[in-house]
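Encoded as structure tokens, the structure appears first; notes follow it.
Numbering (the numbering used here), first residue to last: 5 to 159.
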């Protein structure tokens, strides 16, 4: 197997370090990109790649027109299920539609990892789509607790 020669450092849990959130204008919420930047400043993600409109629409049937803004990051490593998605909806009424689409991400990752990488499968099975106001987010990561705390602190 090609991935068998990978160093254990790549497969070990990511490190976390405390950071201070940027100053937002009085009462002004951070953008989804700024929240994601806080995540990447405090948690080392595994080869993250930001997915674009055509990807989320073609693979997960997410209509970008429903979103005010979003970040959809997935690891490009075949041996990692790591995914961080933060979406701000234009209309809270679309939360169920977007949540169902992100549930599909969990199901797909679960299917990919179940017989291939049991450790990653366990990480996927612990993940859940979460909604807070007009935000819907999903974190699949060994560092999910730390990532979710950063996201939740900004919503």
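Backbone N, C-alpha and C fix where the C-beta goes; we use that ideal spot for every residue, glycine too.
Keep in mind that this is a model prediction, so the values were computed, not measured.
In the three-state reduction of the DSSP assignment, residue 83 falls in the coil class, being assigned neither a helical nor a strand state. Between residue 61 and residue 52, the C-beta spacing is not below 8 Å. The C-alpha of residue 33 lies about 20 Å from the C-alpha of residue 97. By the Cβ test, the region 109-119 is not in contact with the region 43-58, since fewer than three Cβ pairs between them sit closer than 8 Å.
Counting the other CB atoms within 10 Å of its CB gives residue 80 a total below 16, which places it among the exposed residues.
Shown here, residue 32 sits in coil according to DSSP, grouped into three states, outside any helix or strand. Following the DSSP letters along the chain, one finds residue 156 inside the alpha helix (DSSP H) bounded by residues 148-158.
Its chain contains 143 as the residues whose beta carbon lies nearer than 7 Å to that of residue 152, once the 5 sequence neighbours on both sides are disregarded; these appear in chain order. The Cβ-Cβ distance between residue 136 and residue 159 falls below 8 Å. Within the region 58-122, the alpha helix (DSSP H) runs of at least 4 residues that lie entirely inside it are, in chain order, 99-117. From the listed residues 89, 114, 43, 130, the smallest Cα separation to residue 154 is found for 43.
Distance between residue 128 and residue 149, taken at the CA atoms: about 13 Å.
A check of alpha carbon separations from residue 99 across 82, 65, 138 identifies 138 as the nearest. Straight-line measurement puts the Cα of residue 141 at about 14 Å from the Cα of residue 70. The continuous stretches of beta strand (DSSP E) do not include residue 49, and DSSP gives it neither H nor E.
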